[in-house]
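**Student:**
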């Protein structure tokens with residue numbers, strides 16, 4: 002999958018609040034089974050980086066999603 006192609010389109014059409022909502026929803030999907038694989042962590046980090054999401058916002062979205070999922 003060419004993440005750059007997808008994220009470039011998102012960057013063209015989404016503002017930062019929309020990108021933050023999207024990344025939080027992606028975290029919720031990643032936590033759906035109650036745990037994260039190394040691959041899921043890597044993909045999430047890569048997507049957030051390509052979307053120019055600040056590290057603090059990325060971490061907060063991850064925490065909110067983890068808490069919503071009841072995951073450790």
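Residue numbers (the working numbering): 2 to 73.
Ideal Cβ placement from N, Cα and C applies to all residues, glycine included.
Quick check on residue 57: does DSSP put it in helix, strand or coil?
**Tutor:** In this structure, residue 57 counts as helix in the three-state DSSP scheme.
**Student:** So is residue 45 buried or exposed if we call it buried at 16+ other beta carbons inside 10 Å?
**Tutor:** By the 10 Å Cβ count, residue 45 comes out buried.
**Student:** Could you check the C-alpha separation between residue 5 and residue 47 for me, to the nearest Å?
**Tutor:** Looking at the two C-alpha atoms, the distance is approximately 9 Å.
**Student:** Measuring CB to CB, does residue 58 end up less than 8 Å from residue 21?
**Tutor:** Cβ distance < 8 Å, so residue 58 and residue 21 count as in contact.
**Student:** Can you tell which of 37, 52, 64 has the C-alpha that lies nearest to the C-alpha of residue 7?
**Tutor:** Checking every option, the nearest Cα to that of residue 7 belongs to 52.
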